[in-house]
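First up is the structure itself, then whatever we jot down about it.
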Amino acid sequence: MPKKQKLFPALAAWRRRTLSRAVHRGARWVRETGAVTADRPGPYRFGRIGEGTRLAYPQGTVFGEEWIRLGEHCVIGEQVTLTAGMMPGLDLGPDPVLTLGNGVVLGRGSHVVASRPVVFGDDVFCGPYVYVTSDNHSYDDPGTPVGRQWPRTAPVEIGSGSWLGAGAVILPGARLGRNVVVAAGSVVRGT
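Residue numbers (the working numbering): 3 to 193.
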């Protein structure tokens, strides 16, 4: 009998299957327990989390929660970034800066960065890796590095029922009407 041959291949296969099931059950438990809802806000103190809204685990970067309002029955995928303000710890005033209407879906890996009002209407669907921002780099002085120039900011509005395809980029000043489709990979700026 060869040295490397396993004496109990059925037992080894059973052990691998059992371990695999345990790992998958544990991962499912972590995803369920780590999800953020109105009943289980985790470390976050959002201005509002509507009933039935869920932020999948693991979350992306989240700060400025006090100025973020999430409507009812929103689905926010894994690794989604939601930020109000350019950095944590800023006082952005009394009004919300980032508002998601009811039934909004943000696909995995999407980013919503708002220092000026960004408003999603009801039932907006975003595919994975969509980027929406109220801030953008400026290039007013060619002699100064772009990263050292003050960013341009403008409010963003996405109308109810709109659909943003995978990888779409929505820049400052964009105002999308109702039921607008933005193709995957498109860049939208202005109105």
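Yeah, the Cβ is synthetic: ideal placement off N, Cα and C, and Gly gets one too.
Note that the coordinates shown come from a computational prediction; the quantities given were computed from them, not determined experimentally.
Could you work out which residue in the options is closest to residue i when comparing CA atoms only?
i, options, result
"Pro157", "Ala168, Asp142, Ser140 and Ala176", "Ala176"
"Cys76", "Gly103, Arg47 and Gly129", "Gly103"
"Val126", "Pro98, Val184 and Gly149", "Val184"
"His113", "Arg27, Thr55, Gly87 and Thr83", "Thr83"
"Asn181", "Glu159, Gly192, Val189 and Arg191", "Glu159"
"Glu34", "Glu53, Gln61, Ala14 and Arg23", "Gln61"
"Ala186", "Trp165, Leu13, Gln151 and Gly44", "Trp165"
"Gly66", "Thr85, Ser22 and Thr55", "Thr85"
"Asp124", "Trp152, Pro147 and Gly179", "Gly179"
Suppose contacts are defined by Cβ-Cβ distances below 8 Å. Is residue i in contact with residue j by that definition?
i, j, result
"Val120", "Leu100", "yes"
"Arg137", "Pro174", "Checking the sequence shown, residue 137 turns out to be Asp, not Arg. Cβ distance < 8 Å, so Asp137 and Pro174 count as in contact."
"Gly49", "Pro90", "no"
"Thr63", "Thr39", "no"
"Glu80", "Arg110", "yes"
"Val29", "Ala58", "Just to set this straight, residue 29 is Ala in the shown sequence, not Val. No; because the gap between Cβ atoms is not below 8 Å, this pair is not in contact."
"Gly105", "Leu94", "no"
Could you please give the first and the last residue of the uninterrupted beta strand (DSSP E) stretch that includes residue i?
i, result
"Arg71", "Ile70 to Leu72"
"Ala86", "Thr83 to Ala86"
"Val148", "No beta strand (DSSP E) contains Val148, which DSSP labels as neither H nor E."
"Val158", "Val158 to Ile160"
"Thr135", "Tyr133 to Thr135"
From what residue to what residue does the alpha helix (DSSP H) around residue i run?
i, result
"Val25", "Pro11 to Gly36"
Query - Residue ranges of each beta strand (DSSP E) within the segment 93-129, 3 or longer - result: 100-102, 113-116 and 120-122
Query raised in the report: Can you find at least 3 beta carbon pairs, one from the segment 118-134 and one from the segment 160-172, that sit closer than 8 Å?
Result: yes
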